[in-house]
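Let me begin by presenting the structure, written as structure tokens, before commenting on it.
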Amino acid sequence: MTSTITAFERSPDGGKGLARDTRVRWALEEAGQPYEVRLVSFAEMKKPAHLALHPFGQIPTYEEGDLILFETGAIVFHIAERSRALLPEDANARARAITWMFAAVNTVEPPILDLQTARFAEGDKPWSEERLPLVMDRIRARLDQLSARLGDADWLDGAFSAGDLLMVSVLLRLRMSGILDEYPNLAAYVARGEARPAYRRAFAAQLAINAPTTG
-2 MTSTITAFER
8 SPDGGKGLAR
18 DTRVRWALEE
28 AGQPYEVRLV
38 SFAEMKKPAH
48 LALHPFGQIP
58 TYEEGDLILF
68 ETGAIVFHIA
78 ERSRALLPED
88 ANARARAITW
98 MFAAVNTVEP
108 PILDLQTARF
118 AEGDKPWSEE
128 RLPLVMDRIR
138 ARLDQLSARL
148 GDADWLDGAF
158 SAGDLLMVSV
168 LLRLRMSGIL
178 DEYPNLAAYV
188 ARGEARPAYR
198 RAFAAQLAIN
208 APTTG
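Heads up: the sequence shown begins at -2 in the working numbering, then just goes up one per residue.
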């Protein structure tokens, strides 16, 4: 069955792959699952039709028959459950991969999102200059731990899994900050994720929507 996901009609990142629909596209590409994309504007995201799909008025959403999902972690998990490309068959390895999925969105991503808030939403506040170093320190504390755990391995737990997909997606948000460059093994880990054909297809599809028009 072909699923339908929603994405920004015009992504705030200009197609750099940071919008969360890219994570879902990537999972679908890894799983070889056909999908369609319905683009929504910021105004449409707050209207009843979209709020019926996503109660918080965000993207992406996922529709498959009468199943409607929101939140990228839940959507990627649903896709991964039916794909050996994203979750291993061995029960213990599968459980560990799921653990890394939760770690990516619950432990590593929050301080990274806090950096975006500190820089863009709160950058004009009189206390922002004092707060920013504290936010950076919290990010580095997490990256210290993640870097130590990854070591010189290619992926977090053996073969590539949905845990890596979400972790790479989260770490990509740090590229412009320069923090990722302080951790060569994590930078290389992210590069491996970006080099996967499924990621390249997902990125290209998101970029195509946001490419500037000419003429």
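Glycine included, each C-beta is placed from N, C-alpha and C at the ideal position.
This structure is a prediction, so every number in the text was calculated from the model and none was measured.
Check whether residue i and residue j have beta carbons under 8 Å apart
i, j, result
"VAL167", "VAL105", "yes"
"LEU64", "ALA28", "no"
"VAL34", "ILE2", "yes"
"VAL132", "PRO108", "yes"
"GLU61", "SER0", "yes"
"GLY148", "VAL165", "no"
"SER8", "GLN203", "yes"
Secondary structure of residue i, DSSP reduced to three states
i, result
"GLU60", "strand"
"ARG170", "helix"
"PHE200", "helix"
"ALA192", "helix"
"LEU143", "helix"
"THR104", "helix"
"LYS13", "coil"
"LEU112", "helix"
"GLU179", "helix"
"LEU83", "coil"
"ALA28", "helix"
"TRP97", "helix"
"PHE6", "Sequence check: residue 6 is Glu here, not Phe. Three-state result, GLU6: coil."
"PRO52", "coil"
"TRP152", "coil"
"ALA231", "Past the edges of the chain, shown from -2 to 212, lies residue 231, and the structure says nothing about it."
"ALA208", "coil"
Member of the options whose CA lies at the smallest distance from the CA of residue i
i, options, result
"GLY160", "SER8, LEU50, PRO130 and ARG91", "ARG91"
"ALA71", "ASN89, LYS44, PRO52 and PHE99", "PHE99"
"LEU110", "GLU179, TYR59 and ARG135", "ARG135"
"MET(-2)", "ILE95, ARG79, ASP10 and ALA101", "ARG79"
"GLN113", "LEU25, ASP10 and PHE157", "ASP10"
"ALA188", "LEU204, ILE206, ALA205 and LEU162", "LEU162"
"GLY69", "GLU179, ARG193, ALA138 and ALA4", "Reading off the sequence shown, one finds Thr at residue 69, where the question assumed Gly. Among GLU179, ARG193, ALA138 and ALA4, the Cα nearest to that of THR69 is on ALA4."
"ARG81", "ARG139, GLU61, TRP97 and PHE157", "PHE157"
"GLY175", "SER0, ARG137 and PRO57", "ARG137"
"LEU153", "ILE95, LEU171 and ALA46", "ILE95"
"GLY54", "PRO45, ALA77 and ALA195", "PRO45"
"TYR59", "VAL21, LEU48 and ASP151", "VAL21"
"ALA67", "ALA77, HIS51, PHE39 and ILE76", "Note on residue identity: the sequence assigns Phe, not Ala, to residue 67. Ranking ALA77, HIS51, PHE39 and ILE76 by Cα distance to PHE67 puts HIS51 first."
"PRO31", "ALA49, VAL102, ILE76 and ILE206", "ILE76"
"ALA101", "ASP151, PRO194 and ARG170", "ARG170"
"ASN89", "GLN203, GLY155, ALA49 and GLU179", "GLY155"
"PRO57", "PRO85, THR19 and LEU129", "THR19"
"SER144", "LEU129, GLU179 and GLU86", "GLU179"
"ASP151", "ARG193, GLU86 and GLN203", "ARG193"
Residues that residue i bridges to, as DSSP identifies them
i, result
"GLU33", "THR1"
"PHE67", "THR58"
Next item on the list: Evaluate contact between the segment 178 to 186 and the segment 6 to 24, counting only Cβ atoms and requiring at least three cross-stretch pairs below 8 Å.
Entry: A contact is defined here as three or more CB-CB pairs under 8 Å, and the segment 178 to 186 fails this definition with respect to the segment 6 to 24.
Next item on the list: Examine the Cβ distances between the segment 20 to 27 and the segment 199 to 209 and report whether three or more of them are shorter than 8 Å.
Entry: Yes, since at least three Cβ pairs between the segment 20 to 27 and the segment 199 to 209 fall closer than 8 Å, the two stretches touch.
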